[in-house]
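A.B. asks: Pasting a structure here, questions to come.
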Amino acid sequence: MSAPAAEAPVAAERSAWRAVALPSEHGGWGLTLEPVLLGLLAAWSWAGLALGVAAFTAFLARTPAKLVAVDVRRGRWLPRTRMALGVAVAEGLVIAALALAATLSAGWRWSPAVAVALPLVAVEWWFDIRSRGRRMVPELCGAIGVAAAASAVVLAGGGSARRAAAVWLVLAARSVGAIPFVRAQIFRARRGITAVLASDVAQSVSVVVAAVAVALDHRTLAGAVGVAVLAVAQAAWSRRDPPPVKTLGIRQMLLGLALVAVTAIGIHLT
Numbered sequence: 002m003s004a005p006a007a008e009a010p011v012a013a014e015r016s017a018w019r020a021v022a023l024p025s026e027h028g029g030w031g032l033t034l035e036p037v038l039l040g041l042l043a044a045w046s047w048a049g050l051a052l053g054v055a056a057f058t059a060f061l062a063r064t065p066a067k068l069v070a071v072d073v074r075r076g077r078w079l080p081r082t083r084m085a086l087g088v089a090v091a092e093g094l095v096i097a098a099l100a101l102a103a104t105l106s107a108g109w110r111w112s113p114a115v116a117v118a119l120p121l122v123a124v125e126w127w128f129d130i131r132s133r134g135r136r137m138v139p140e141l142c143g144a145i146g147v148a149a150a151a152s153a154v155v156l157a158g159g160g161s162a163r164r165a166a167a168v169w170l171v172l173a174a175r176s177v178g179a180i181p182f183v184r185a186q187i188f189r190a191r192r193g194i195t196a197v198l199a200s201d202v203a204q205s206v207s208v209v210v211a212a213v214a215v216a217l218d219h220r221t222l223a224g225a226v227g228v229a230v231l232a233v234a235q236a237a238w239s240r241r242d243p244p245p246v247k248t249l250g251i252r253q254m255l256l257g258l259a260l261v262a263v264t265a266i267g268i269h270l271t
């Protein structure tokens, strides 16, 4: 057997592992990293770090768990289903171990944030297993639910409930503005149709949500200002020709990380 022929099965197996283990939604990486970073920067603790890693692992576990759920719902059991089940179970055990470590270190004070986020995640999951996860509602619910990781990390680090809620709202405001904007940009790039109304409304709502965050904790003012700046920028960008999708994704990730940095600096300097 020639070398290329021998390597083909190995390459196919690696491709299968990537398909069941790695999320295909590029934006999800940033939307998961942002709350973990902000929570740790706002209230560092080892328990918070454990919860942050658990949140990121949960993001990874969503892909194989979704594959299993979709296949079971369609009444089929494929080789990829078995592979995905193994990955999901392994990652679920990691999440459980990390949650236990956080609980042993910080008690259960982080759990209210998770409890509040669960209904949002459940809505996203309902759409996901029906292969409708790309719609606006599940994308918003998923992003806002994941942002609860910031609250959980802050609470685990001894932060107040008001601050935990405020940092969550700052990131929720970002998602409320960013997701409709990105969807409108992609729609325009692929179909040549400009539709800015939904994005404009979303920018206004994002500013209101950020203002509520400041009302809860004035130290998130810098983050709220950052959200307002993003809202104005995205309203302007929505009226221009959209960049390539890859460029759009990278720009959103950088903007999200910048908002995290501004919010964290404001919390510590105010």
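Numbers in this note's numbering are just positions in the sequence shown, counted from 1, shifted up by 1.
Backbone N, C-alpha and C define an ideal beta-carbon position, used for all residues, glycine too.
These numbers come from a predicted model, not from an experiment.
(1) Starting from the C-beta of GLY28, find all residues in its chain whose C-beta is less than 8 Å away, skip the five residues before and the five after it, and write them out in chain order.
(2) Could you pull the start and end residues of the alpha helix (DSSP H) that SER132 belongs to?
(3) Is it buried or exposed for ALA7, if we count other Cβ within 10 angstroms and need 16 for buried?
(4) As an exercise, report each continuous alpha helix (DSSP H) stretch of at least 4 residues that is fully enclosed by the segment 154-236, in chain order.
(5) Any idea if VAL233 is buried or exposed, counting beta-carbon neighbours within 10 angstroms, 16 or more meaning buried?
(6) Grab me the residues of TRP47's own chain with a C-beta within less than 7 Å of its C-beta, minus the 5 sequence neighbours each way, in chain order.
(7) State buried or exposed for ARG63, treating a residue as buried only when at least 16 other CB atoms are found within 10 Å of its CB.
(8) Just confirm the distance between the C-beta atoms of ARG220 and GLY267, as a whole number of angstroms; I'd bet it's less than 8 Å.
(9) Buried or exposed, going by whether 16 or more other CB atoms sit within 10 Å of the CB of PRO120?
(10) Helix, strand or coil for THR271? Go by DSSP, reduced to three states.
(11) Hey, how far is the Cα of GLY257 from the Cα of ALA237?
(12) Report the three-state DSSP secondary structure of GLU35 (helix, strand or coil).
C.D. replies: Looking at the coordinates:
(1) VAL183, GLY250, GLN253, MET254
(2) No alpha helix (DSSP H) holds SER132; DSSP gives it neither H nor E.
(3) At ALA7 the pLDDT is 47, less than 50, meaning the model places this residue with poor confidence; the figure from the coordinates comes in the next sentence. By the neighbour-count rule (16 or more Cβ atoms within 10 Å), ALA7 is not buried but exposed.
(4) 162-192, 198-217
(5) exposed
(6) SER106
(7) buried
(8) 6 Å
(9) exposed
(10) coil
(11) 18 Å
(12) helix
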